[in-house]
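Enquirer: Below: one structure in structure tokens.
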């Protein structure tokens, strides 16, 4: 059954994007007058099984696809679900079979011309390359990092793609499946392989910046590398990524709720969605709102969600019976005691169906009745045979139980169900209070704080739990609680949707954290918290940070100012470095010296696990603390170790496991790293008092580095890389082709690298000491427009480019460029 998880829903509401929205803007593709091609090869492995066979946990790796053990080739097939006609999908095709989607990375524009939406393509994978690039699994060619020599899966030549692909039949967009996303946070494990690259739909969402007049279009700059706008709905939140080269880059964000359809991709382990065209934003002002209490799913829709086990909502159906006594697995219609065969015996379940006449268990949903709950008391058939034939509207998660589709996760509360003709006391959940004005006397509701997440204000809500970011971002709602750094509040104590909750930061070392956190105060769960703080994003959703005062059930700390972390000392000089607590408090203030014990390194490839004992696996960072035995990462300072530098070579724990426990004194820029206060772009260090000495950071000139007055290459070479973002101007004279981070200038017109360019004051410069290497980040439009492989005519041209001044090829350079102009 094709996409049995979601097919029934998509069919029921007629929103198959391939058949409805996509073809609407590409009608000229639907009337081919050509002979139908027939592929000679046939698929011998599904896309999902192929991904499982070649999947590795590293975010970046590359494998040349071998022959199968029996000597045959790996062959997959799928239908195209993407199009680059409106220039938002970049040099990629996404093909879908019944199990998943395979992204194909191809170094060619206008792929849509010969690879139309709905076209079935058969790919002989053997000899191509596969792996993950920025955590996304794809098939393509191979590329090598100029600094590390590491291989990653990148674009394949279009000629290679043509040699390995066959077309089978003509495009049939109506055979594409669009998968409804109900709970993005629940996608983990093997589900990630299934969902990466899928054509997905988000119903009834809003754009976070829709009412922000300074940031209310999809992309913020024409011909930029791209911009992310966030949508929020019952599923959670996700970024919508739009290229500045797309034809709809400046489309205004809808101010009303809508539905969104696009390609779901994983970028550095974060989900993001790429619109195929402007029609991906649809039903503005009249979104699809299935699964809510007033518009519940039908039983037929719920059956389609059962195998996914990640869709939660209301469902309405007719009670048609219960299970027979002593049945543990339902395998036939005889295992159900149907309505009309009273007296009913089993009181712990009911069975609901689309209509009262259904007598086929495969078309029914099993509903467990929580013992002692209002649901049990009012609904069970043993006590209320009259309920047979009545409709039941009930909330839960669609799953499987006892061999049939079932509802899970319903606690039986009066607010979690409705029964036809029965008035259940307490079934109408109280609505949140009137809107507030953000004052202490009249605080905002949680809904208000989410909708207007800016400024400083008081907010009032009920504490429902805390977020454990170390356990796949799990919301803990019952004791024992394990995280003291945050709580989540909602307008209703029964709220289960984190998109309707406000995460509250509890700053280490403050009275507010001591009084409010659930680790030390588990009884606070369910209490009403009024709290004052800065309304801003936290845990990638609207939140409240840096709280300054609070009340619990009306009693609290009044005006309790936040104090800096305990023990902060030092002046930030080499002679008197900041301790870790002071550095945390000083983040964002520029470059400084910091001193602390090395306690471990963060492995972002393993659910952000702090490694504190050998063997260590990550060389890109270390964590410092005031004590060698510190275990709370909130009391630690993450330190970036830049690839190709002497500091990384000397300090990292992979090559120097004995550094664990040593005292590190290090100079660098105090800024956010790993979403917490950190130190980046280090320039000097000492280990147990011995190190590289004092390499001071030279501040940039006060009158340069702007777009109107960019630095010259000579300026930048003399600044010793202060870590600032600045504009630089110079002539493109070549690229560096050295492996493993070696700086090997190539000033010829051919044979250049695509990952960087070299700038100089003089277009005829030959002295390497007067050259500035500029990083061109893979997958960006800036790399596409500036690299010398695809744009050899750029050699000798003058360019003005904005980026971060930091070490590159172990020398002064410019990285992470964000804008440019060819002059």
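In the working numbering, the protein residues as written are 4 to 826. Quick reminder that beta carbons are idealized off the backbone N, C-alpha and C, glycines included.
Could you check what DSSP says for residue 205 in three-state terms: helix, strand or coil?
Expert: Residue 205 falls in the strand class under three-state DSSP.
Enquirer: Would the segment 794-807 count as touching the segment 107-117 if we require 3 or more Cβ pairs under 8 angstroms?
Expert: They do not touch, by the three-pair rule.
Enquirer: DSSP has residue 341 in a bridge; who is on the other side?
Expert: Per DSSP, 324.
Enquirer: Cα separation between residue 663 and residue 673?
Expert: Approximately 22 angstroms, taken between the alpha carbons.
Enquirer: To test your reading of the DSSP string, which unbroken alpha helix (DSSP H) runs of 4 or more residues are found completely within the segment 626-653?
Expert: DSSP runs (the alpha helix (DSSP H)) wholly in the segment 626-653: none.
Enquirer: Quick one, are the C-beta atoms of residue 420 and residue 398 less than 9 angstroms apart?
Expert: In this structure, residue 398 lies closer than 9 angstroms to residue 420 by Cβ.
Enquirer: For residue 825, which residues of its own chain have a beta-carbon under 6 angstroms away from its beta-carbon, when the five flanking residues on both sides are left out?
Expert: Correct list, in chain order: 800, 802.
Enquirer: Go ahead and pull the three-state DSSP assignment for residue 53.
Expert: Residue 53: helix per DSSP, three-state reduction.
Enquirer: Keeping to the same chain, check which residues put their C-beta closer than 7 angstroms to that of residue 3; ignore five residues upstream and five downstream.
Expert: Nothing can be reported for residue 3, as the shown portion of the chain is limited to 4 through 826.
Enquirer: Give the secondary structure of residue 795 by DSSP, where H, G and I count as helix, E and B as strand, and everything else as coil.
Expert: Of the three classes helix, strand and coil, the one that applies to residue 795 here is helix, per DSSP.
Enquirer: Just mark residue 633 as buried or exposed, buried being the case when its beta carbon has 16 or more other beta carbons within 10 Å.
Expert: When all chains shown are included, residue 633 counts as buried.
Enquirer: Closest by CA to residue 715, which one among 732, 728, 727, 233?
Expert: With distances taken between Cα atoms, residue 715 lies closest to 732.
Enquirer: Name the one or two DSSP bridge partners that residue 170 has.
Expert: Beta-bridge pairing links residue 170 to 124.
Enquirer: DSSP on residue 112, reduced to helix/strand/coil?
Expert: If DSSP states are grouped into helix, strand and coil, residue 112 belongs with coil.
Enquirer: Between residue 644 and residue 654, which are expected to be in contact by the criterion C-beta below 8 angstroms, what is the C-beta distance as a whole number of angstroms?
Expert: The pair is a contact, with the Cβ atoms about 6 angstroms apart (cut-off 8 angstroms).
Enquirer: Quick one: residues in its chain with C-beta nearer than 7 angstroms to the C-beta of residue 27, no 5 flanking neighbours on either side, listed in chain order?
Expert: The predicted position of residue 27 is uncertain, since its pLDDT is 33 and thus under 50; no value can be drawn from it.
Enquirer: Please classify residue 651 as buried or exposed, where buried requires at least 16 other C-beta atoms within 10 Å of its C-beta.
Expert: The residue is buried, with at least 16 neighbouring Cβ atoms inside 10 Å.
Enquirer: Hey, would you say residue 713 sits closer than 9 angstroms to residue 729, going by beta carbons?
Expert: In this structure, residue 729 lies closer than 9 angstroms to residue 713 by Cβ.
Enquirer: Excluding sequence positions up to five away, which residues of its chain have a Cβ less than 7 angstroms from the Cβ of residue 352?
Expert: Here the set comprises 325, 326, 369, 370, 371, 372.
Enquirer: Do you know how far the Cα of residue 590 is from the Cα of residue 582?
Expert: So the alpha carbons of these two residues sit roughly 12 angstroms apart.
Enquirer: Give the straight-line distance between the Cα atoms of residue 810 and residue 606, rounded to the nearest whole angstrom.
Expert: Using only the alpha carbons, I get a separation of about 23 angstroms.
Enquirer: Can you find at least 3 beta carbon pairs, one from the segment 148-162 and one from the segment 74-84, that sit closer than 8 angstroms?
Expert: Taking 8 angstroms as the limit for Cβ pairs, the verdict is that the segment 74-84 does not touch the segment 148-162.
Enquirer: Since residue 505 and residue 453 are thought to touch, with beta carbons under 8 angstroms apart, how far apart are those beta carbons, to the nearest angstrom?
Expert: About 6 angstroms; that satisfies the 8 angstroms criterion.
Enquirer: Please classify residue 815: does DSSP put it in a helix, a strand, or coil?
Expert: Strand.
Enquirer: Specify whether the segment 140-147 and the segment 82-90 touch according to this definition: at least 3 beta carbon pairs, one from each stretch, less than 8 angstroms apart.
Expert: Contact between the segment 140-147 and the segment 82-90 is absent, because fewer than three Cβ pairs lie under 8 angstroms.
Enquirer: Between residue 262 and the rest of its own chain, which residues show a CB-CB distance below 6 angstroms, the 5 nearest in sequence each way excluded?
Expert: 206, 285, 286, 290, 291.
Enquirer: Taking the straight line between their C-alpha atoms, what separation do you get for residue 496 and residue 529?
Expert: Using only the alpha carbons, I get a separation of about 6 angstroms.
Enquirer: Within this structure, are the beta carbons of residue 508 and residue 461 separated by less than 9 angstroms?
Expert: Taking 9 angstroms as the Cβ cut-off, residue 508 and residue 461 do not qualify as a contacting pair.
Enquirer: Are residue 227 and residue 233 closer than 9 angstroms when you measure CB to CB?
Expert: Taking 9 angstroms as the Cβ cut-off, residue 227 and residue 233 do not qualify as a contacting pair.
Enquirer: By alpha-carbon positions, which one of 519, 727, 667 ends up nearest to residue 594?
Expert: Of the candidates 519, 727, 667, the one whose C-alpha sits nearest the C-alpha of residue 594 is 727.
Enquirer: Does the segment 154-173 come within contact of the segment 41-54, defined as at least 3 CB pairs closer than 8 angstroms?
Expert: Counting Cβ pairs under 8 angstroms, three or more are found: they touch.
Enquirer: Who pairs with residue 680 in a beta bridge, going by DSSP?
Expert: Its beta-bridge partners are 675.
Enquirer: Looking at the structure shown, is residue 78 part of a helix, part of a strand, or coil, going by DSSP?
Expert: Note: residue 78 maps to strand in three-state DSSP.
Enquirer: Candidates 246, 427, 531: which alpha carbon is nearest residue 94's?
Expert: Looking at the Cα atoms, 246 is the closest of the given residues.
Enquirer: For the structure I just gave you, are there three or more beta carbon pairs, one from the segment 296-315 and one from the segment 269-277, closer than 8 angstroms?
Expert: With a cut-off of 8 angstroms, the segment 269-277 and the segment 296-315 do not count as touching, because too few Cβ pairs lie within range.
Enquirer: From the DSSP output, which residues share a beta bridge with residue 606?
Expert: For residue 606, which the question treats as bridged, DSSP gives the partners 612.
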